[in-house]
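Here this note's numbering runs 9 ahead of the position in the sequence shown, where the first position is 1. Glycine residues also receive a C-beta, built at the ideal position from the N, C-alpha and C atoms. Just so you know, these numbers come straight off a predicted model, no measurement behind them. Below: one structure, written as C-alpha cells.
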Amino acid sequence: MNVLLIGGGGREHALAWKIAQSPLLEKFFAIPGSPGIAAFAECVENISADDNAALVSFAVDKAIDLVVIGPEAPLVNGLVDVLNDAGIKAFGCNKAAAQIEGSKIFAKRLMKKYNITTAAFEVFDNPDDARNYIRKQGAPIVIKADGLAAGKGVIVAQTLDEALNAVDEMKTFGAAGNKIVVEEFMDGEEASVLALTDGEKILPLIAAQDHKRALDGDKGLNTGGMGAYAPAPIVDEAIAAQVEEKILKPTIDALKAEGIIYRGCLYAGLMIKDGAAKVVEFNCRFGDPETQVVLPLMESDLLELMTACAEGSLADKKISWSKSSAVCVIMASGGYPKAYKKNLPIDGLTKAKSLGAMIFHAGTKLKGDELVTSGGRVLGVTTTAPTLREAVDKAYRAVEVIHFDGVHYRRDIAARALK
Ligand code: AMP
Ligand code: GLY
C-alpha cells in the first residue's frame with residue numbers, strides 16, 4: 010500500500026513509526042512530516058495540510074491507497090470528505106463527525122440527547138447572560154469556547170472572579186469563542202480511552218493517562234500534554250467495560266441516528282470517580298502524547314486496522330497488546346505553554362537512544378545538519394519495560410542525557426499510578 014500521513018507532531022511520529030512496521034506498506038509520504046518522520050517517510054513541505062485540493066491531487070498523483078490524518082484541523086476542514094469524493098480512502102472521520110471535537114456545543118447536545126454521562130451545561134452567546142448564570146451557580150465552574158482553540162479554550166475556574174474573567178477571555182479565541190459553554194465542575198481522576206471504529210464495530214485501545222498541567226503535582230497552566238503512560242490502572246476492567254458499553258458504543262450509535270457514520274479514531278477524555286466514568290470531552294483523532302505510549306504496546310498491524318476502519322471491515326479484527334508498560338516524558342521549550350524561544354540546538358539523542366528510549370519529535374527541525382527546537386513541545390521520550398516503575402526510570406535516564414537551552418519537563422510522569 011502507498012500511504013500518505015498528514016501532520017508532523019509527536020503523535021504523527023509515533024504513527025509513522027508504527028505504520029512503517031507493516032508488511033503491507035510500500036511507498037510512504039508525509040505532509041509536512043518532521044526530521045523524526047523522515048526516517049520512515051518522504052516528507053513533502055511545499056503542500057499545506059489545510060489545502061484540501063492540493064492534498065487530493067498529490068494523493069491521486071502518487072497513487073495513495075490510504076491517507077492517514079493525525080491532527081483535528083484537517084478533519085474539521087473536511088479533508089476526508091474531499092478525498093472520499095475523489096475515490097481515495099482515508100483513516101479519519103468526515104467533517105460532520107469531526108464536529109464532536111470541532112464544536113463543544115454539538116458534543117454536549119449529542120451527549121444530553123442520548124444520555125451519555127457528562128457534566129451539566131448551558132450554552133450562551135451573550136456574555137452578560139453567561140455571567141449571570143455563573144453568579145447563580147458559583148465556583149468551581151468550567152468555561153469553554155465552542156470551537157477549536159488549540160487546546161486553550163477551556164478555563165477551569167476555582168473562584169467566581171476567575172470564572173467571570175474567563176467569560177471575557179473567550180473573546181480572545183476569535184470565532185471559536187463567539188458561543189461559550191458553561192459547565193459543572195467534575196472532580197476525579199482523568200484518563201483517555203481511544204478507540205478505532207468503522208462506524209459499526211469499536212475496538213478500544215489500551216487506556217492512557219495524560220498530564221495536562223505544565224508543572225509537577227498538576228500545577229501551572231494547561232498544556233497540550235506533558236507526558237503520558239499506559240496502561241492506566243484507574244481504567245480497570247469494570248471501568249473499561251463501562252466506557253465501551255455506556256460511552257463509546259452509544260456515541261457511535263447516536264451519531265448514526267443523526268445520520269453520521271463515524272470512522273477513524275474516537276478519543277474519549279474521561280473523569281473517573283467512585284467507579285463511574287463521565288465524559289470530559291471527545292476528540293476526533295488520536296491523542297497526543299497518548300498515542301506515543303499506546304502504539305508502542307500494540308502488537309497488531311496498525312496499517313491493517315486503519316484500512317479496515319476506512320473500508321468498514323473492522324468486524325473480524327482484534328488487537329493484541331504487549332503486557333509491558335510505556336511512559337512518555339515530554340521535553341518542552343522553556344516558557345511553554347506561553348511564549349518560548351525556537352532554533353535552539355538539541356544534543357544527546359544518540360546517547361538517549363542507546364539507553365533504550367524512542368525519541369518522538371514533536372517540535373524539531375533541521376537547520377543545515379543541526380537538529381534544533383521549533384515548537385513548544387519538542388520531544389517525546391518514550392520507553393517500554395515489563396513494569397511501569399522500570400519504564401519510568403528508563404525514560405528519565407534518557408531524558409537526563411538530552412539537552413537544549415531552557416528545557417523544561419515534568420519529573421512526576423506516572424507518579425499517580427506508582428503510588
Ligand atoms: P477539554 O479541552 O474539554 O479536555 O478540557 C481541558 C481540561 O480541562 C480537561 O482535560 C480537564 O482537566 C479540564 N476540564 C474540562 N472540563 C472539565 C469539567 N467539567 N470539570 C473539571 N475539569 C474539566
Ligand atoms: N492529550 C490531549 C489531546 O490529545 O487532546
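(request) Could you check what DSSP says for ASP219 in three-state terms: helix, strand or coil? (result) Against the sequence shown, residue 219 aligns to sequence position 210. The answer is strand: DSSP assigns ASP219 an E or B state.
(message) Any heavy atom of ligand 2 closer than 7 Å to the beta-carbon of GLY197?
(response) Taking the sequence shown and counting its residues from 1, one reaches residue 197 at position 188. Incorrect: GLY197 has no Cβ contact closer than 7 Å to ligand 2.
(message) Please state whether the Cβ-Cβ distance between GLU299 and SER201 is less than 8 Å.
(response) Along the sequence shown, one-based indexing puts residue 299 at 290. Along the sequence shown, one-based indexing puts residue 201 at 192. Yes, the Cβ-Cβ distance between GLU299 and SER201 is below 8 Å.
(request) For my contact list, PHE291 and LEU203 are in at a C-beta cut-off of 8 Å; report their separation, rounded to the angstrom. (result) Sequence index remark: in the sequence shown, residue 291 carries index 282 (1-based). Sequence index remark: in the sequence shown, residue 203 carries index 194 (1-based). The pair is not a contact, with the Cβ atoms about 11 Å apart (cut-off 8 Å).
(message) One question on the structure: do ALA129 and ALA148 come within less than 8 Å of each other, judged by their Cβ atoms?
(response) Position 120 of the sequence shown, counted from the start, is the residue given in the question as residue 129. Position 139 of the sequence shown, counted from the start, is the residue given in the question as residue 148. No, these two residues do not count as a Cβ contact at 8 Å.
(request) Indicate, with yes or no, if ligand 2 has a heavy atom lying under 7 Å from the CB of ASN437. (result) Nothing can be reported for residue 437: it is not among the residues displayed for the chain, which extend from 10 to 428.
(message) So, at 7 Å on beta carbons, what are the nonlocal neighbours of ASN86 in its own chain, with the 5 sequence-adjacent residues on each side left out?
(response) If you number the sequence shown from 1, residue 86 lands on position 77. Closer than 7 Å at the Cβ level, and outside the excluded window around ASN86, lie ASP59 and ASN61.
(request) Ignoring anything shorter than 3 residues or poking outside the segment 23-72, list the beta strand (DSSP E) runs there in chain order. (result) 37-41
(request) Between the Cα of ALA175 and those of ALA266, ASP137 and LEU314, spot the shortest distance and give me the residue it belongs to. (result) Translated into the one-based positions of the sequence shown, residue 175 becomes position 166. It is ASP137 whose Cα lies nearest to the Cα of ALA175.
(request) Have a look at the DSSP bridge pairing and note the partners of LYS228. (result) The residue labelled residue 228 in the question sits at position 219 within the sequence shown. LYS228 is bridged to LEU224.
(request) List the whole-angstrom C-beta distance separating LEU75 from MET315, where the pair is believed to meet the contact cut-off of C-beta under 8 Å. (result) Translated into the one-based positions of the sequence shown, residue 75 becomes position 66. Translated into the one-based positions of the sequence shown, residue 315 becomes position 306. Their Cβ separation, rounded to whole angstroms, is 7 Å, which keeps LEU75 and MET315 in contact under 8 Å.
(request) Give me whichever residues DSSP pairs with ILE152 in a beta bridge. (result) Translated into the one-based positions of the sequence shown, residue 152 becomes position 143. BP columns for ILE152 point to ILE164 and VAL191.
(request) Say whether chain D places a C-beta atom closer than 8 Å to the C-beta of VAL408. (result) Absent from the structure is chain D; it holds one protein chain and no more.
(message) Please tell me whether ASP155 and ILE125 are closer than 8 Å, where the distance is taken between their beta carbons.
(response) Sequence index remark: in the sequence shown, residue 155 carries index 146 (1-based). Sequence index remark: in the sequence shown, residue 125 carries index 116 (1-based). Contact flag unset, no.
(request) Using three-state DSSP, classify ALA371 as helix, strand or coil. (result) Here residue 371 is taken as the residue at index 362 of the sequence shown, counted from 1. Coil, per DSSP.
(request) Kindly list the residues whose CB is nearer than 8 Å to the CB of THR127, restricted to its own chain and excluding five residues on each side of it in sequence; keep chain order. (result) Reading the sequence shown from its first residue, position 118 is the one you call residue 127. LYS117, MET120, LYS121, LYS287, VAL288 and VAL289.
(request) Report yes if the C-beta of PRO298 is less than 7 Å from at least one heavy atom of ligand 2; otherwise report no. (result) Position 289 of the sequence shown, counted from the first residue, corresponds to residue 298. PRO298 Cβ: within cutoff of ligand 2.
(request) Classify VAL69 as buried or exposed, calling it buried when 16 or more other Cβ atoms lie within 10 Å of its own Cβ. (result) Within the sequence shown, numbered from 1, the residue matching residue 69 stands at position 60. So VAL69 ends up on the exposed side.
(request) Assign LEU358 to one of three DSSP states: helix, strand, or coil. (result) By one-based count along the sequence shown, residue 358 stands at place 349. Looking at LEU358 - three-state DSSP - the assignment turns out to be helix.
(message) Quick check on DSSP: helix, strand or coil for GLU171?
(response) Mapped onto the sequence shown, residue 171 falls at position 162. The answer is helix: DSSP assigns GLU171 an H, G or I state.
(message) Using a Cβ-Cβ cutoff of less than 7 Å, which residues in the same chain neighbour ILE429 once the five nearest sequence positions on both sides are dropped?
(response) Residue 429 falls outside the range modelled here, since the chain spans only 10 to 428, and no answer is possible.
(request) Quick one: using the 10 Å Cβ neighbour count with 16 as the cut-off for buried, is ARG420 buried or exposed? (result) If you number the sequence shown from 1, residue 420 lands on position 411. Exposed, since its Cβ has fewer than 16 Cβ neighbours within 10 Å.
(message) Short of 6 Å in beta carbon distance, which residues of its chain neighbour LYS27, apart from the five on each side in sequence? Order them along the chain.
(response) The residue labelled residue 27 in the question sits at position 18 within the sequence shown. Excluding sequence neighbours, LYS27 sits near LEU304 and LEU311.
(message) Quick check: does the Cβ of LYS221 come within less than 7 Å of any heavy atom belonging to ligand 1?
(response) Working through the sequence shown from its first residue, we reach residue 221 at position 212. Result yes, Cβ under 7 Å from ligand 1.
(request) Might you give, ordered along the chain, the residues of its own chain that have their beta carbon closer than 8 Å to the beta carbon of ALA63, omitting 5 neighbours on each side? (result) Along the sequence shown, one-based indexing puts residue 63 at 54. These residues qualify, in order along the chain: ILE56 and SER57.
(request) Identify whether ALA404 lies in helix, strand or coil by the three-state DSSP scheme. (result) For the purposes of this step, residue 404 is taken as residue 395 along the sequence shown, with counting starting at 1. The answer is helix: DSSP assigns ALA404 an H, G or I state.
(request) Give the secondary structure of THR391 by DSSP, where H, G and I count as helix, E and B as strand, and everything else as coil. (result) One-based indexing of the sequence shown puts residue 391 at position 382. Strand, per DSSP.
(request) Take ASN231 as the anchor and find which of ASP94, GLY385 and VAL91 has the nearest alpha-carbon. (result) Within the sequence shown, numbered from 1, the residue matching residue 231 stands at position 222. Per the Cα distances, GLY385.
(request) Can you give me the start and stop residues for the beta strand (DSSP E) that ASP274 sits inside? (result) For the purposes of this step, residue 274 is identified with residue 265 of the sequence shown, where counting begins at 1. It should be pointed out that residue 274 corresponds to Cys in this sequence rather than to Asp. Residues 273-282.
(request) May I have the straight-line CA-CA distance separating ALA184 from SER112, to the nearest angstrom? (result) As a first step, residue 184 is located in the sequence shown; it is residue number 175 there, counting from the start. As a first step, residue 112 is located in the sequence shown; it is residue number 103 there, counting from the start. Taking the straight line joining both Cα atoms gives about 11 Å.
(request) Would you kindly work out how many angstroms separate the C-alpha atoms of LYS362 and ASN11, rounded to a whole number? (result) Numbered from its first residue, the sequence shown carries residue 362 at position 353. Numbered from its first residue, the sequence shown carries residue 11 at position 2. If you take the alpha carbons of LYS362 and ASN11, they lie about 29 Å apart.
(request) Excluding the 5 residues preceding and the 5 following PRO41 in the sequence, name in chain order all residues of the same chain whose CB lies nearer than 6 Å to its CB. (result) Here the question's residue 41 lines up with position 32 in the sequence shown. Counting only Cβ-Cβ distances below 6 Å, and skipping sequence neighbours, we find GLY17 and GLU54.
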